[in-house]
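The structure appears right after this line, and notes come after that.
Residue numbers (the working numbering): 1095 to 1225.
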């Protein structure tokens, strides 16, 4: 992984992986199930989390609330094993296709996206869509 100043054309069309971290040193990572393509979790990575993910094949994040590196599954055993990493056009976001070893969400749900926002009589309400 090379950190370089690239032209727009080089960044968008070239072969050099040069992730563009935001002012806080983070980029967004969307993890989807490698088989179903269901969205499992959206989190952030700093350079160290990205490097560890690419080197180990296990998804690591940077926890903004704890201000600490986080290996998904470290306590639960529900690791996310990387199958493929995709980068967006300007290299500031990733989609990671992974195989989950169990529920991804800390609530025990298979995905962190287990509720749908629907219209209710008094406004939007949440309805559980998976268990």
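Quick reminder that beta carbons are idealized off the backbone N, C-alpha and C, glycines included.
This one's a predicted model, so the numbers in the text were calculated from it and none came from an experiment.
Own chain residues within Cβ distance below 7 Å of residue i, not counting five before or after
| i | result |
| --- | --- |
| residue 1097 | With a pLDDT of only 48 at residue 1097, under 50, the local geometry of the prediction cannot be trusted, and the value read off the model is given with reservation. Only 1112 meet the Cβ criterion. |
| residue 1107 | none |
| residue 1142 | 1163 |
Opening and closing residue of the beta strand (DSSP E) in which residue i lies
| i | result |
| --- | --- |
| residue 1127 | 1121-1127 |
| residue 1092 | In the structure as shown, the chain begins at 1095 and stops at 1225. Residue 1092 is therefore absent and cannot be evaluated. |
| residue 1221 | 1217-1222 |
For residue i, the first and last residue of its enclosing alpha helix (DSSP H)
| i | result |
| --- | --- |
| residue 1142 | 1141-1150 |
| residue 1103 | 1102-1107 |
Nearest residue (CA-CA) to residue i, options the options
| i | options | result |
| --- | --- | --- |
| residue 1189 | 1104, 1157 and 1138 | 1138 |
| residue 1193 | 1222, 1174 and 1152 | 1174 |
| residue 1105 | 1196, 1186 and 1213 | 1186 |
| residue 1212 | 1223, 1202, 1204 and 1203 | 1223 |
| residue 1196 | 1167, 1163 and 1129 | 1167 |
| residue 1209 | 1114, 1220, 1184 and 1160 | 1220 |
Inter-residue CB distance, residue i and residue j (contact presumed, cutoff 8 Å)
| i | j | result |
| --- | --- | --- |
| residue 1172 | residue 1147 | With 8 Å as the limit, residue 1172 and residue 1147 do not qualify as a contact, their Cβ atoms being about 16 Å apart. |
| residue 1153 | residue 1181 | Actually they are not in contact, since the Cβ atoms of residue 1153 and residue 1181 sit about 15 Å apart, beyond 8 Å. |
| residue 1155 | residue 1123 | 7 Å |
Residues near residue i in its chain [Cβ-Cβ closer than 6 Å; skip 5 each side]
| i | result |
| --- | --- |
| residue 1095 | Reliability fails at residue 1095, whose pLDDT of 49 lies under 50, so the model's placement of it is uncertain and the value that follows must be treated cautiously. 1111, listed in sequence order. |
| residue 1246 | Outside the shown range of the chain (1095 to 1225) lies residue 1246, about which nothing can therefore be said. |
| residue 1103 | none |
Which runs of the beta strand (DSSP E) at least 3 residues long sit entirely within the segment 1154-1206? Give them in chain order. 1154-1157, 1162-1165, 1174-1181 and 1187-1194
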